[in-house]
Amino acid sequence: MQSRDARPITQILPYGVNPPDAFPAGTEQATLIPSKPSGKHIENPSAKGRFFEQRTAAPLLPVPGRKIIHGQPRALVLPSITESENDALSDPFIREESPWDTFKQYYECDLAGAVIVSVRHSGHREALAVRQYRGEEASKILQVVRRIQHDNIASVQEFYKTTNALYTVGSFHPLTLDHVVACKAFPDQKQLAAIMSQFLEGYSYLVTHGFQNPSLDCSGILMSMAGDVQVARLDCCRVRPPGKVEAIDLAPIARVMMELMQKYAKDDGNIGIENLDRWPSDCPAVVFLSATTSQPLMTKISWSKGDLIGLAWFALISARTFYSYPLRS
Numbered sequence: 005m006q007s008r009d010a011r012p013i014t015q016i017l018p019y020g021v022n023p024p025d026a027f028p029a030g031t032e033q034a035t036l037i038p039s040k041p042s043g044k045h046i047e048n049p050s051a052k053g054r055f056f057e058q059r060t061a062a063p064l065l066p067v068p069g070r071k072i073i074h075g076q077p078r079a080l081v082l083p084s085i086t087e088s089e090n091d092a093l094s095d096p097f098i099r100e101e102s103p104w105d106t107f108k109q110y111y112e113c114d115l116a117g118a119v120i121v122s123v124r125h126s127g128h129r130e131a132l133a134v135r136q137y138r139g140e141e142a143s144k145i146l147q148v149v150r151r152i153q154h155d156n157i158a159s160v161q162e163f164y165k166t167t168n169a170l171y172t173v174g175s176f177h178p179l180t181l182d183h184v185v186a187c188k189a190f191p192d193q194k195q196l197a198a199i200m201s202q203f204l205e206g207y208s209y210l211v212t213h214g215f216q217n218p219s220l221d222c223s224g225i226l227m228s229m230a231g232d233v234q235v236a237r238l239d240c241c242r243v244r245p246p247g248k249v250e251a252i253d254l255a256p257i258a259r260v261m262m263e264l265m266q267k268y269a270k271d272d273g274n275i276g277i278e279n280l281d282r283w284p285s286d287c288p289a290v291v292f293l294s295a296t297t298s299q300p301l302m303t304k305i306s307w308s309k310g311d312l313i314g315l316a317w318f319a320l321i322s323a324r325t326f327y328s329y330p331l332r333s
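Counting from 5, one number per residue, gives the positions in the sequence shown under the working numbering.
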């Protein structure tokens, strides 16, 4: 019978302890290391004594029919983006081809500028907004889009470039706030808060990132059927001088709100509401408009995007949209 002392011994070394120079005779050496972290939170390996035996990985054998790339691994680095006009129009992320190789044009309309409503020839089908820019407008839209990314600002998903123009492809929103102004319905205070809160989120982001659009009004603000509001007409933006917010930066806020509340803005540039039967002077909307601050309207009224769905659908079927169909080739 074999003695207990003659049994092979496997020595387990805790993490961080150096192995001894020699092992006792008859000891079977097994180097044990803690398991590698998996990205999830794990406890200290030495706390529970969980160890796994280190094994030598078998060499990878080539799979028939697959290409094997030899040599040192290369880092995946996106090319840097500069602000210069020449580099902008030769950006590697701009596809040097006509968008009409990928999209089918359906009709053109005015939605915060001219937009061609299009659908991909194949793959995932959805209505998309294709916009065309030429010359200085092309450089300007690239400059703004590269620095601006916000849920309440119209985004660009793809760029296409031909010898004559730059094209942007983005989400299609079938309404602007101009449709809401044009329809017979007046937004109530909850709907007004839902629109203005989203507009202010996007517009203040634009201003704090160095851009302004003093002429912005309801015709330059998009709205989806789900109640999403986005600042558009980015091609009309200009770089604002550094410093504190001036009256020229706040002008679009008062203009948009007056248009929504009474269907027009005052021609003399003054701020105020003339129909006090619909909007009493002490209501949060009027207080907000007078003070040009977000506190009274946005904090006292609870709102959601869903509050705008009924208004959006009514505006869509009741307001007139200028369109062109069929499109000229």
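In this text, a Cβ means the ideal position worked out from N, Cα and C, and glycines have one as well.
Given the structure is predicted, the values throughout are model-derived calculations rather than measurements.
Exercise. What is the residue span of the beta strand (DSSP E) that THR212 lies within?
Worked result: Note, THR212: premise wrong, no beta strand (DSSP E); alpha helix (DSSP H) at 193-212.
For this session: For MET261, name the three-state secondary structure that DSSP assigns.
Result: helix
Problem set entry | Which of helix, strand or coil DSSP assigns to PRO77 | Because the pLDDT at PRO77 is just 49, under 50, the model does not fix this residue reliably, and the point stays unresolved.
For this session: For the beta strand (DSSP E) holding SER143, just list the boundary residues, first then last.
Result: That residue, SER143, is in no beta strand (DSSP E); its alpha helix (DSSP H) goes 140-151.
Exercise. Among the residues of its own chain, which have a CB less than 7 Å from the CB of GLU101, if the five just before and after it don't count?
Worked result: TYR164
For this session: Would you kindly report the start and end of the unbroken beta strand (DSSP E) that includes LEU320?
Result: Element bounds for LEU320: not the beta strand (DSSP E) but the alpha helix (DSSP H), 313-322.
Problem set entry | Coil, strand or helix - ASP253 by DSSP | helix
Problem set entry | Segment contact, 8 Å Cβ cut-off, at least three pairs: the region 158-173 with the region 248-256 | no
For this session: Can you tell me which of the three DSSP states VAL233 falls into?
Result: strand
Problem set entry | Separation of MET200 from MET261, as counted between CA atoms | The straight-line gap from Cα to Cα measures roughly 7 Å.
For this session: For ILE85, name the three-state secondary structure that DSSP assigns.
Result: Only weak support is given to the placement of ILE85: the predicted model assigns it a pLDDT of 36, under 50, and the value that follows is read from those uncertain coordinates. Coil.
Exercise. In whole angstroms, what is the alpha-carbon distance linking HIS125 and LEU132?
Worked result: 12 Å
For this session: Mind checking which residues open and close the beta strand (DSSP E) that includes LEU181?
Result: Counting along the chain, LEU181 falls outside any beta strand (DSSP E), though it belongs to the alpha helix (DSSP H) covering 181-186.
Problem set entry | Meets three-Cβ-pair contact criterion under 8 Å: the region 167-185 and the region 218-225 | Three or more pairs of CB atoms, one per stretch, sit closer than 8 Å, so the region 167-185 contacts the region 218-225.
Exercise. Apart from the five residues just before and just after LEU170, which ones in its own chain have a Cβ nearer than 6 Å to its Cβ?
Worked result: TYR137, ALA142
For this session: Indicate whether TYR327 and TYR110 have their beta-carbon atoms separated by less than 7 Å.
Result: no
Exercise. Rounded to a whole number of angstroms, what is the C-alpha to C-alpha distance between LEU204 and VAL249?
Worked result: 14 Å
Exercise. How many angstroms separate the CA atom of GLN153 from the CA atom of HIS213?
Worked result: 10 Å
Problem set entry | Expected contact under 8 Å - CB spacing of VAL148 and LEU238 to nearest Å | Between VAL148 and LEU238 a beta carbon distance of about 5 Å is seen, short of the 8 Å cut, so the two are scored as contacting.
Problem set entry | Host beta strand (DSSP E) of LYS108 (start-end) | 107-114
For this session: Within 10 angstroms of the Cβ of ARG151, are there 16 or more other Cβ atoms? Answer buried if so, exposed if not.
Result: exposed
For this session: Go ahead and label ARG242 buried or exposed: buried means 16 or more other beta carbons lie within 10 angstroms of its beta carbon, across all protein chains shown.
Result: When all chains shown are included, ARG242 counts as exposed.
Exercise. On the three-state DSSP scale, how would you describe PRO38?
Worked result: The predicted position of PRO38 is uncertain, since its pLDDT is 47 and thus under 50; a value taken from the coordinates is nonetheless stated next. Note: PRO38 maps to coil in three-state DSSP.
Exercise. First and last residue of the beta strand (DSSP E) that includes ILE157?
Worked result: Where ILE157 is concerned, there is no enclosing beta strand (DSSP E), given that its DSSP letter is neither H nor E.
Problem set entry | CB of ILE277 within 7 Å of CB of GLN266, strictly | yes
For this session: Note the first and the last residue of the continuous beta strand (DSSP E) segment covering ALA2.
Result: Past the edges of the chain, shown from 5 to 333, lies residue 2, and the structure says nothing about it.
Problem set entry | Terminal residues of the beta strand (DSSP E) in which GLN136 lies | 132-137
Exercise. Helix or strand or just coil, what does DSSP make of LEU238?
Worked result: Residue state, collapsed to three classes: helix.
Problem set entry | Under the three-state DSSP convention, the category LYS165 falls into | strand
For this session: Return the CA-CA distance between GLN216 and LYS194, expressed in angstroms with no decimal places.
Result: Separation of GLN216 and LYS194 (C-alpha to C-alpha, rounded to the nearest whole angstrom) is 27 Å.
For this session: Give the DSSP-derived three-state secondary structure of GLY174 in the structure shown.
Result: strand
Exercise. Which residues does DSSP pair with PHE97 in a beta bridge?
Worked result: DSSP output for PHE97 lists no bridge partner at all.
Problem set entry | Length of the line joining the Cα atoms of HIS177 and MET229 | 7 Å
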